[in-house]
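Q: Here it is: the structure, laid out below.
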Amino acid sequence: MADTNNSTIIEDEEEYDLKDRYLTFYVGREAYGIPIKDVIEIIGMQSITPVPETEEYIKGVINLRGKVIPVLDIRMRFNMPSTGYDERTCIVVVVHGDNLVGLVVDQVADVIDIPEDCIDPSPQLDQNESSYVDGVGQLGDEVKMLLSLPKLLAKD
Amino acid sequence: MEEQSAPSLTITPEMVGAFVSEAKELFIQIESALMSLDTNPSDINIVNEAFRAVHSLKGNAGLFHLEQIEMVSHAIETILDDLRCAKSIANVTIINIILGAIDALKAAVVTLGEGGEPEVQGYGELCEVLKGLLNQQNESDPQAGEEALDTSPLIPEELAQDSPVKGALQDNSVKGSRQGSPVKAAPQDNSVKGPRRDSPVKAAPQDIRVEIKKLDLMINLLGELLIADAMISQNPKISLLDDTNLNQAATYLHRIVSDLQDVAMSVRMVPVENLFQKMIRISHDLSRKGGKLIKLMMSGQSTELDRSVLDKLSDPLIHMIRNAVDHGIEDSDVREEMGKDKCGHIHLSAEQRGNEIIIILEDDGAGLDKDKILKKAIDVGLFKETDAPTHTDDIYPLIFCPGFSTAEKVSDVSGRGVGMDVVKRNLESVHGRVSISSELGQGTRFELSIPLTLAILEGMLVRVGHSKFTIPVSSIRESLRPDAEQIHMRPDGQEMIKLRKEILPVVRLHQKFNIPPDKSQLESGVILVLSADGQHFCLFVDEILHQHETVIKELTGHVAGIKSLTGCNILGDGQVALIINVEGLYRSLKEAS
Chain E
35 MADTNNSTII EDEEEYDLKD RYLTFYVGRE AYGIPIKDVI EIIGMQSITP VPETEEYIKG
95 VINLRGKVIP VLDIRMRFNM PSTGYDERTC IVVVVHGDNL VGLVVDQVAD VIDIPEDCID
155 PSPQLDQNES SYVDGVGQLG DEVKMLLSLP KLLAKD
Chain S
44 MEEQSAPSLT ITPEMVGAFV SEAKELFIQI ESALMSLDTN PSDINIVNEA FRAVHSLKGN
104 AGLFHLEQIE MVSHAIETIL DDLRCAKSIA NVTIINIILG AIDALKAAVV TLGEGGEPEV
164 QGYGELCEVL KGLLNQQNES DPQAGEEALD TSPLIPEELA QDSPVKGALQ DNSVKGSRQG
224 SPVKAAPQDN SVKGPRRDSP VKAAPQDIRV EIKKLDLMIN LLGELLIADA MISQNPKISL
284 LDDTNLNQAA TYLHRIVSDL QDVAMSVRMV PVENLFQKMI RISHDLSRKG GKLIKLMMSG
344 QSTELDRSVL DKLSDPLIHM IRNAVDHGIE DSDVREEMGK DKCGHIHLSA EQRGNEIIII
404 LEDDGAGLDK DKILKKAIDV GLFKETDAPT HTDDIYPLIF CPGFSTAEKV SDVSGRGVGM
464 DVVKRNLESV HGRVSISSEL GQGTRFELSI PLTLAILEGM LVRVGHSKFT IPVSSIRESL
524 RPDAEQIHMR PDGQEMIKLR KEILPVVRLH QKFNIPPDKS QLESGVILVL SADGQHFCLF
584 VDEILHQHET VIKELTGHVA GIKSLTGCNI LGDGQVALII NVEGLYRSLK EAS
């Protein structure tokens, strides 16, 4: 309960500032971003209860202060080989509709502003819809792939 | 109420909500009184009851300046007042007109609840009809009215089991003297003699109305408390401390928590009475519309069930009764030809069996025709003729498939055009089951089994490898460590255990859920004998940890809808254990084989 309260306060105070802000993190070599307004909190890796008969990229469920939420492994969602979890591995808790979902990422980078005019549409060579990338943000030399949470979290 | 008029009152949304929920209860009271009036047209007590409820409604409506609702209630009240003063006697026409007016009021209140303008449909006309009735009532000969009643198609009747305990817990939000609501009402007329069998005992004045949301919140907090209690009492460091005082304190704490739990759960429990009352009205309407004679009998109305579970049962029951009237009960001439009573009987009953409530709906109609059902199922493309099931246990439940049988009809009872599939869907959402038995030409019997409450589960915690699972104690028949000579294996590799005279199949949980186990030999682990759908089977796990009471948490989003799981619960150490849905597990195994 406390988490939602906090996030509401933040939204009220900084509604304008939130617009172009993204949480960036690494999965493998690449940097990705998700809108900060969808992020509830970042927690360290913790014990995950596996849930049988689900997709492989669903690692299971965790207890987030009395709330049980599913956890997805982004690496596995991207069909990348698993490297095991280390001390930098984090769970980013995001809002998805009415539910919370945890995303396992290799490493959280930081929160940055990416103004709209720095975002290009993701280049599209074929009809491959499974890229999960809405757009590509460029800040100087850096490239941040902006993920679409609805696509990422859609059930197959 | 005139003396309550307070023009300067500010009306808040909460007040409107309270008005709507109270009005809904009043409608139930009015309807149930009118239904009893159908059988006992001259019972002044019943008229009084309806009068009081209508009067309260009028008063509340006046308070909220809901003029149309107030005026219609006023007209009904006047008619009832005439009945009360024995100026006339109730008959079918009067009752039906009042019921019609009540329906219009109900619709207006629902609209109000949804934030719309509470306009009474056909207001002018309705007022005319009610006024006309009043005039006519004053002119007509009371005897004529009574005669008309004899042809009433519906004779609601309650069986002997009927309970006197309809008081305090009638509703979570028991009526009470809410501030601002007119509490006056006609004096409770104790001097009038006559049977009061059907009239609900009035709630005690100490009751207060509580929003169900607050109760839910309380139950949630209680759940957290249970977990916190377990975290402390099962904390390995604490169990190492050999301190009598501490142990006593922990035991004391645990006892209070578990008492608190009992009390909190009982607050949510309501008798099925209100739900059943609703069904009287439904069957009345149906029998009138279908021109069939129907007698609805009820028993076990005092049986209590969790409020939120009860709410989910309303639609299924409506549809099952509708189904019984539409497809079960034959026309009276057909019934007579068959040598049956020309009046069809529907029996609705409720009872508690262990941790479950069993609701049975039985009719003495035509019964289910399995060939017809099969044909229909093939017609609508549920399966090919060659794949058709042969056993009735597989055929009857087909009537619950979406789009089956009633798809072409829009239900005028619920007004939403849904069929029997709502029965199965709603039942599943409260972890209930339905079983059907039927005899062609003799009738049909639906048996609904519903867990007492959704919130808390008595579970057995078991371990397989690193995973922990909770199994509902109600599904466990026994547990054992098998001897080598009890274990047999079929040529196809299916393991079986001979238990006394039974041969039961073994399901290895680690195989089913793909978990590396500690124990791979059946004789080194533990066997739980579980029952599902009336069958028994053995579940093999590494070990039993302990029995615990636990709060069921839903699995949502990406982990929702797994048939073998009911949900999950949080253990004392903060870990999550999955709760096994024994029926679901059993069925998924059957499907796989």
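Line order of the protein sequences matches chains E and S.
Each residue of the first sequence is one higher than the last, beginning at 35 in our numbering.
Each residue of the second sequence is one higher than the last, beginning at 44 in our numbering.
Every residue, glycine too, gets a C-beta built ideally from N, C-alpha and C.
Rounded to the nearest angstrom, how far is the Cβ of E/Ser156 from that of E/Gly169, given a contact under 8 Å?
A: Separation of the CB atoms of E/Ser156 and E/Gly169 is rounded to 6 Å, and the pair is thereby assigned contact status at 8 Å.
Q: Establish whether the CB of E/Glu87 and some CB of chain S are separated by less than 8 Å.
A: Judged by the 8 Å Cβ criterion, E/Glu87 is in contact with chain S.
Q: Using the Cα positions of S/Ile299 and S/Leu283, report the straight-line distance between them to the nearest angstrom.
A: Between S/Ile299 and S/Leu283, the C-alpha separation is close to 23 Å.
Q: Taking CB distances under 8 Å as the criterion, tell me whether E/Ile70 reaches chain S.
A: By this cut-off, E/Ile70 is not an interface position.
Q: Using DSSP with H/G/I as helix, E/B as strand and the rest coil, what is S/Val315?
A: coil
Q: Residue range of the beta strand (DSSP E) that S/Ile402 falls in?
A: 399-406
Q: Are the stretch 584-600 of chain S and the stretch 530-549 of chain S in contact at 8 Å, needing three or more beta carbon pairs?
A: Below 8 Å, too few C-beta pairs join the stretch 584-600 of chain S and the stretch 530-549 of chain S to call them touching: fewer than three.
Q: If E/Gly136 and E/Ile125 are in contact, beta carbons under 8 Å, what's the gap, nearest whole angstrom?
A: Between E/Gly136 and E/Ile125 the beta-carbon gap is near 4 Å, inside 8 Å, which marks them as a contact.
Q: Can you tell me where the beta strand (DSSP E) with S/His434 in it begins and where it stops?
A: No beta strand (DSSP E) contains S/His434, which DSSP labels as neither H nor E.
Q: Out of E/Gly171, E/Ala143, E/Val128, state which residue places its alpha-carbon closest to the alpha-carbon of E/Leu187.
A: Closest option to E/Leu187, Cα to Cα, is E/Val128.
Q: Spatial neighbours of S/His399 within its chain, please: C-beta separation below 8 Å, excluding the five flanking residues on both sides.
A: Contrary to the premise, residue 399 of chain S reads as Glu rather than His in this sequence. Only Ser492, Ile493, Pro494, Leu495, Ser517 meet the Cβ criterion.
Q: Pull up the CB-CB distance for E/Ile101 and E/Leu134, whole angstroms please, since I reckon it's below 8 Å.
A: Here the sequence assigns Lys to residue 101 of chain E, which means Ile is not the residue at that position. 7 Å between Cβ atoms; contact.
Q: Identify, in the order they occur along the chain, each residue of the same chain with its Cβ nearer than 7 Å to the Cβ of S/Ala620, setting aside the five sequence neighbours on each side.
A: Leu504, Lys511, Phe512, Thr513, Cys611, Asn612, Leu614
Q: Can you tell me the Cα-Cα spacing of E/Ser182 and S/Lys606, whole angstroms?
A: 30 Å
Q: Going by beta-carbon coordinates alone, are E/Asp147 and E/Gln172 separated by less than 8 Å?
A: No, the Cβ-Cβ distance between E/Asp147 and E/Gln172 is not below 8 Å.
Q: Counting along the chain, where does the beta strand (DSSP E) carrying E/Pro104 start and finish?
A: 101-107
Q: For chain S, find out if any of its Cβ atoms is closer than 8 Å to the Cβ of E/Leu106; answer yes or no.
A: Contacts with chain S at 8 Å (Cβ-Cβ) include E/Leu106.
Q: List the DSSP bridge partners of E/Lys178.
A: E/Ala65, E/Gly171
Q: Can you check which of these residues, S/Leu391, S/Ser342, S/Ala603, is closest to S/Pro359 by C-alpha distance?
A: S/Leu391
Q: Which one or two residues does DSSP pair with S/Glu521 in a beta bridge?
A: S/Val572
Q: Three-state secondary structure (DSSP) at E/Val85?
A: coil
Q: Looking at S/Met463: is its Cβ nearer than 8 Å to the Cβ of S/His362?
A: yes
Q: Listing by chain order, which chain E residues have their CB less than 7 Å from the CB of S/Asn557?
A: Pro86
Q: Compare the Cα-Cα distances from S/His98 to each of S/Gln111, S/Leu80, S/Val423, S/Ile73 and report the closest residue.
A: S/Ile73
Q: In whole angstroms, what is the alpha-carbon distance linking S/Val477 and S/Arg396?
A: 15 Å
Q: Are the CB atoms of S/Met322 and S/Leu339 within a distance shorter than 8 Å?
A: yes
Q: Using DSSP bridges, identify the partner residues of S/Gly175.
A: Looking at the DSSP output, S/Gly175 sits in no beta bridge, so it has no partner there.
Q: When the Cα of S/Glu545 is compared with those of S/Thr599, S/Val572, S/Asp561, which residue comes out closest?
A: S/Val572
Q: Given that a residue counts as buried once 16 or more other Cβ atoms are within 10 Å of its Cβ, and exposed if not, what is S/Ala330?
A: For the record, residue 330 of chain S in the displayed sequence is Ser; it is not Ala. It is buried - the Cβ of S/Ser330 has at least 16 other Cβ atoms within 10 Å.
Q: Quick one: does E/Gly100 have its CB under 8 Å from some CB of chain S?
A: It does; some Cβ of chain S falls within 8 Å.
Q: Going by beta carbon distance, what residues of the same chain come within less than 6 Å of E/Tyr91, once the five residues before and after it are set aside?
A: Residues of the same chain with a CB within less than 6 Å of the CB of E/Tyr91, apart from the 5 flanking positions on each side, are Leu106, Asp107, Met110, Arg111 in chain order.
Q: Going along the chain, which residues of its own chain have a beta-carbon closer than 6 Å to the beta-carbon of S/His388, five neighbours each way excluded?
A: If we look at S/His388 and ignore the five residues flanking it on each side, its Cβ neighbours are Lys338, Asp407.
Q: So E/Thr123 and E/Val138 are supposed to be a Cβ contact under 8 Å. How far apart are they, rounded?
A: 6 Å
Q: Skipping 5 residues on each side, what residues in its chain have a beta carbon closer than 6 Å to that of S/Lys245?
A: Low confidence applies to S/Lys245: its pLDDT is 48, below 50, so where it sits in the model is not reliable, and the reading given next is rough at best. Counting only Cβ-Cβ distances below 6 Å, and skipping sequence neighbours, we find nothing.
Q: Consult DSSP for S/Arg476 and reduce its assignment to one of helix, strand or coil.
A: strand
Q: Name the residues in the stretch 262-293 of chain S whose C-beta lies less than 7 Å from a C-beta of chain E; which are they?
A: Answer in chain order: Glu267.
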